[in-house]
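Beneath this line is the structure, given in structure tokens, with notes to follow.
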Ligand code: IVH
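Numbering (the numbering used here), first residue to last: 883 to 1567.
Listed below in structure tokens is the structure:
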């Protein structure tokens, strides 16, 4: 199918009659699905991304004007839709079984012996496939159209994640029409997973957004798929491979190999590393081959799955309570090795987090030479009692950085050395602090070269200084070329410097210069947030801005005073104080000020309402207010509200059923008001 196919019927849709629009929508839907198949399944696109986007936009415009004409397989659904409040349960028509594990060649041989004995045969054909390390899902199609999909759940009932699944680009929304007939009802099963590249990219984005990183691609895939907001799923580039059937009506093939062919004909993504093996020796050879190739794959696998090829034999073998007798998972060996620790160093991440890393006597694990392993943090070092010179077990887990699992204490040499994370940053000499309740130590200097890219990316981000066009690629280039050595350098960039960069048109250089200049009049909270003070997110930045009115005033406030601010706890207060203790941070703020970035809020002339400085918690049933209107009233009169009782709260306004908050207020001697008393106080009678 070429582009000429549906050539020139583009008309403004106002002028298009309903019938024409219907036919154009149908054509565009089919055309876009075809191009999607070529791109994601065949890996052989025939149009450019821009051409695809133009067709998609045309379809979306038509759909907006004629929502009744949206096709069930419309590619516009792949962008996700507004969040659900929860996932509905979906019961599998046939339970989703798990697999028995074989931990060694011997256990694979035992499996084959059992199978051959039950079937009374000398040799069996098996299909061996990679065991993908993701999440099992089921997809349901009626008359070739995707109608629902679910997680495995407990094997009997899963969660209906249809809207999320629709966002997966390689998942067919409609099965392909060709010589292969389409069953009226079809369930297939497969694995959703994330590639290493997408995993690393996602974790980088998480870091910039100050969100926790995912431990491995499997967790990242699970976290992305089980999102109530499918627009988040859509942004995560999840993959799916199909490898098994559920209930399928009016369909019969003789073997798993034939089933795989049917899946391909229908347009499903199938993992291409499956092999037909004649006998268990072949299976073991292929299993070992895949184990050796494991590192070269772009996604995680944790073993192989061996399936009896012939469906009649599968039926004959049947199932046990939770797993079929005709299949087995061959697990790969744990990727561990023993080596010794030559030294330990403090590695500084993009947020200033310090991770102790062991330099090892290099050792091969699973085909890769491992010379460094993470020790996570000081507590982990202490708990495992890891010392320089120790012999340790090192493990590669989930394809992230290898880690030190444990010390072989029996082999501890005499001259081991205890390690402590230093008080000064090994990169910039900035001071290193570990706040109460946190596992990690942090370098406090936000101009630290190890942090500079991450810090600048955060500073310019939408919810901070919002400098448009200043993306992570640009930050990379500007830091690498030496134009940016600190956040303040953003304000001495010149249009010439920008225009001289790769792929930077003059127009966009000018736009960036304008955006940089505009950011000088940003509100104070944006600057506070942009500095990336530990545990001070957007909301607390606003709280601090409102209360103190300038960076200078915040920097001169003690931890005790800060704690007196509603919503500011001891950890946040200490984080703020430690931040301003760092000399380089103070210099940075002075430097930003000299560039004209020193927003102020005049708090001296602020109108002080009757509730000024007072804090309230509301609990129980109120007659005149709901939570929102109560908060609005308090804030409009200069007071503040919180959700839980602490010593810092001045009043609890308690209605009937106030319960535990009332008890706590009494215990902490927080004054309790009735709703009427509160209304009197607020002058709202
Ligand atoms: S077949 C009855 N094939 O492994 C057998 N499963 O431990 C149905 N898995 O829940 C599964 N790759 O999520 C099969 N090529 C593959 C697989 C695979 C990964 C997962 C699947 C299943 C689990 C069983």
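Note that CB positions come from ideal geometry on N, CA and C, so glycine has one too.
Just so it is clear, the structure is predicted and the values come from calculations on it, not from any experiment.
Counting only residues of its own chain and dropping the five nearest sequence neighbours on each side, residue 985 has a CB closer than 8 Å to the CB of 1213. When Cβ pairs closer than 8 Å are counted between the two stretches, the region 1295-1309 is seen to touch the region 1223-1238, the count reaching three or more. Measuring C-alpha to C-alpha distances from residue 1000 to each of 1200, 1533, 1319 identifies 1200 as the nearest. Residue 1126 has its Cβ nearer than 7 Å to a heavy atom of the ligand IVH. Between the region 914-932 and the region 1038-1053, the count of Cβ pairs shorter than 8 Å is three or higher; the stretches touch. Excluding its 5 nearest sequence neighbours in each direction, residue 1128 has C-beta neighbours in its own chain below 7 Å: 974, 975, 976, 1020, 1069, 1070, 1071, listed in chain order. In the three-state reduction of the DSSP assignment, residue 1241 falls in the strand class, which pools E and B. Apart from the 5 residues on each side of it in sequence, residue 1394 sits with its Cβ closer than 7 Å to the Cβ of 1351, 1352, 1380 in its chain, given in chain order.
Counting only runs of 3+ residues, the beta strand (DSSP E) found wholly inside the region 1142-1227 occupies 1157-1160, 1183-1190, 1209-1213, in chain order. Across the set 1197, 1253, 925, the C-alpha of 1253 shows the shortest separation from the C-alpha of residue 1224. For the 8 Å CB-CB criterion, residue 1045 and residue 972 do not form a contact.
By a beta-carbon distance limit of 8 Å, residue 1073 contacts residue 1016. Their separation comes to about 4 Å. Collapsing the DSSP output to three states places residue 1285 in a strand. The alpha helix (DSSP H) runs lying completely inside the region 1485-1514 and spanning 4 residues or more number zero.
In the same chain as residue 1414, and ignoring 5 residues on each side of it, the C-beta atoms closer than 7 Å to its own belong to 1328, 1337, 1340, in chain order.
Per DSSP, residue 1541 is one residue of the alpha helix (DSSP H) stretching across 1541-1549. In terms of side-chain proximity, the C-beta atom of residue 1187 is found nearer than 7 Å to a non-hydrogen atom of the ligand IVH.
Under the three-state reduction of DSSP, residue 1028 is assigned to strand.
Remark: C-beta atoms of residue 1204 and residue 1032 do not approach each other more closely than 8 Å.
Distance check between residue 1529 and each of 1510, 951, 1498 places 1498 closest, using alpha-carbon atoms only. Going by C-alpha positions, residue 1247 is about 8 Å away from residue 1277. In terms of Cα proximity to residue 1509, the closest of 1534, 1144, 1309 is 1534. Per the DSSP secondary-structure output, residue 1090 pairs with nothing in a beta bridge.
When DSSP states are grouped into helix, strand and coil, residue 1295 belongs to the coil group.
Going by beta carbons, residue 1180 and residue 1077 fall inside the 8 Å limit. Within 7 Å of the C-beta of residue 1463 there is not a single heavy atom belonging to the ligand IVH.
Put simply, of 1174, 1480, 1095 the residue whose alpha carbon is nearest the alpha carbon of residue 1402 is 1480. Bridge partners of residue 1056 according to DSSP: 1027. Distances from the CA of residue 1061 to each of 1537, 1231, 1149 were compared; the closest alpha carbon is that of 1149.
With a cut-off of 7 Å, the C-beta of residue 1052 is classified as distant from the ligand IVH, since no heavy atom of the ligand falls inside that distance. The beta-bridge partner set that DSSP reports for residue 1071 consists of 1020, 1126.
The DSSP-derived three-state label of residue 1121 is strand. Separation of residue 1476 and residue 1318 (C-alpha to C-alpha, rounded to the nearest whole angstrom) is 35 Å. The Cβ-Cβ distance between residue 962 and residue 1207 does not fall below 8 Å.
Here residue 1418 is buried. Its C-beta has 16 or more other C-beta atoms within 10 Å. Taking 7 Å as the cut-off, one finds at least one heavy atom of the ligand IVH near enough to the beta carbon of residue 1034.
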